[in-house]
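Asks: Read top to bottom, the protein sequences are chains A and B.
The opening position of the first sequence corresponds to residue 816 in the working numbering, with each subsequent residue numbered one higher.
The opening position of the second sequence corresponds to residue 816 in the working numbering, with each subsequent residue numbered one higher.
Heads up, the beta-carbon is just placed ideally off N, CA and C, and yes, glycines get one too.
The structure presented is a predicted model; accordingly, all values stated were derived computationally and were not measured.
Number of protein chains: 2
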Amino acid sequence: MLKVRDAMEIKSRLWIEKEGKPFIGFGRIKLLKEVEKTASISAAAKTLKMSYKKAWNLLNDMDKIAKQPVLVKNVGGKNGGGTEVTEYGKTLIQKFERLNTNCIKFLEEEFHQLDL
Amino acid sequence: MLKVRDAMEIKSRLWIEKEGKPFIGFGRIKLLKEVEKTASISAAAKTLKMSYKKAWNLLNDMDKIAKQPVLVKNVGGKNGGGTEVTEYGKTLIQKFERLNTNCIKFLEEEFHQLDL
DNA sequence: TATCGTTATATCTAAGTAAATATAACGGTT
DNA sequence: AACCGTTATATTTACTTAGATATAACGATA
Numbered sequence: 816m817l818k819v820r821d822a823m824e825i826k827s828r829l830w831i832e833k834e835g836k837p838f839i840g841f842g843r844i845k846l847l848k849e850v851e852k853t854a855s856i857s858a859a860a861k862t863l864k865m866s867y868k869k870a871w872n873l874l875n876d877m878d879k880i881a882k883q884p885v886l887v888k889n890v891g892g893k894n895g896g897g898t899e900v901t902e903y904g905k906t907l908i909q910k911f912e913r914l915n916t917n918c919i920k921f922l923e924e925e926f927h928q929l930d931l
Numbered sequence: 816m817l818k819v820r821d822a823m824e825i826k827s828r829l830w831i832e833k834e835g836k837p838f839i840g841f842g843r844i845k846l847l848k849e850v851e852k853t854a855s856i857s858a859a860a861k862t863l864k865m866s867y868k869k870a871w872n873l874l875n876d877m878d879k880i881a882k883q884p885v886l887v888k889n890v891g892g893k894n895g896g897g898t899e900v901t902e903y904g905k906t907l908i909q910k911f912e913r914l915n916t917n918c919i920k921f922l923e924e925e926f927h928q929l930d931l
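1. Looking only at its chain, what residues have a beta carbon closer than 7 Å to the beta carbon of residue 926 of chain B, apart from the 5 residues adjacent to it on each side?
2. Helix, strand or coil for residue 877 of chain B, going by three-state DSSP, please let me know.
3. Is residue 826 of chain B near the ligand GDP, going by C-beta to nearest heavy atom under 7 Å?
4. Name the two residues that bound the continuous beta strand (DSSP E) containing residue 896 of chain A.
5. Pull up the DSSP beta-bridge partners for residue 824 of chain A, would you.
6. For residue 888 of chain B, does the three-state DSSP call read helix, strand or coil?
7. Looking at the C-beta of residue 871 of chain B, does it have a partner C-beta in chain A at a distance below 8 Å?
8. Is there at least one Cβ from chain A nearer than 8 Å to residue 834 of chain B's Cβ?
9. What residue from B:834, B:862 and B:871 has the CA that sits closest to residue 885 of chain B's CA?
10. Look at the Cβ atom of residue 931 of chain A, then the Cβ atom of residue 907 of chain B, and state whether they are nearer than 8 Å.
11. What span of residues does the alpha helix (DSSP H) with residue 857 of chain B cover, start to end?
12. Among B:881, B:897 and B:854, which one has its Cα closest to the Cα of residue 831 of chain B?
13. What residues in its chain sit with their C-beta under 6 Å from that of residue 888 of chain B, if we drop five residues either side in the sequence?
14. In chain B, what lies closer than 8 Å to residue 831 of chain A by C-beta?
15. Report the rounded CA-to-CA distance for residue 891 of chain B versus residue 848 of chain B, giving the unit in angstroms.
16. Name the one or two DSSP bridge partners that residue 839 of chain A has.
17. Any beta-carbon of chain B closer than 8 Å to the one on residue 910 of chain A?
18. Could you tell me how far apart the beta carbons of residue 845 of chain A and residue 863 of chain A are, in whole angstroms, since I believe they sit closer than 8 Å?
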């Protein structure tokens, strides 16, 4: 017998590492998307209610690990500068989100034919 | 062109919640397996280098959430007592580990046909 | 050359979490 | 009844991590 409403739900988090160090994951992709939208690290940090330092650290670590540049940062100049997400960075967002979506779908299917 | 050795690797963590509260996940299942092996919370905590309190809390929370008892705890008596994992608890271990294995396999396949 | 908002970076403070410590309760065994 | 090793629980301490704060560097623009 199947229950109509089962409060149990499967959750998952996935991320990609390079040599044991985190490269991209849920939080970094969310941040990267916000940078893409605002073209600014500080603005992205603000909307995500995250300190600028933390955002900068996350993005910088990611950029150092990536085989191609993820960000183009401009210091000074018009409006103080800003940060753009490269085409490579945009593909990272797309690929990670697709992977995550597929994983969730897979897990939902597997989980629903389980009785805990 | 495919690289022979790509240091990038996909990682995942999955867990099951009930009404927003964690039910079982990587750490709890690992602990539960150790309790099954040693028939003792304190012994399991010691081998996993975890404080008894933390182990007890994790197991107790899990047990409270489960629809059936996961543990049979004996206080006092021969050897001070001990803790046994119920048949239901054993099925939880099996099902979670199978789910996790399947998920990893799925992600590996998806990930390997990705170029980051 | 003064201004502005950003990136870049260090340092200090706070908070949340884990760990350590202590102690009570328990009930077969001796 | 005393002992033992466990479960059960509270309280205190330590630590790691996150957050706040401060400040320098930058370079187009006016």
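Replies: The structure says:
1. The beta carbon of residue 926 of chain B lies closer than 7 Å to those of 825 in the same chain, with the five residues before and after it left out.
2. The answer is helix: DSSP assigns residue 877 of chain B an H, G or I state.
3. Questions concerning the ligand GDP fall outside what the structure shown contains, since it holds no ligand whatsoever.
4. Residues 896-900.
5. The partner list for residue 824 of chain A (beta bridge, DSSP) reads B:832.
6. Here residue 888 of chain B carries a strand assignment [DSSP, helix/strand/coil].
7. No, because no Cβ of chain A sits closer than 8 Å to the Cβ of residue 871 of chain B.
8. For residue 834 of chain B, the answer is yes, since a Cβ of chain A falls inside 8 Å of its Cβ.
9. Nearest of B:834, B:862 and B:871 to residue 885 of chain B, Cα basis: B:871.
10. In contact: residue 931 of chain A and residue 907 of chain B (Cβ atoms closer than 8 Å).
11. First-last of the alpha helix (DSSP H) with residue 857 of chain B: 856-862.
12. Shortest Cα-Cα distance from residue 831 of chain B to any of B:881, B:897 and B:854 involves B:881.
13. Closer than 6 Å at the Cβ level, and outside the excluded window around residue 888 of chain B, lie 898.
14. What residue 831 of chain A touches in chain B: 823, 824, 825, 826, 926 and 931.
15. One Cα belongs to residue 891 of chain B, the other to residue 848 of chain B, and the distance between them is close to 23 Å.
16. A:831.
17. Chain B contact via Cβ: present.
18. Under the criterion of beta carbons closer than 8 Å, residue 845 of chain A and residue 863 of chain A qualify as touching, at roughly 7 Å.
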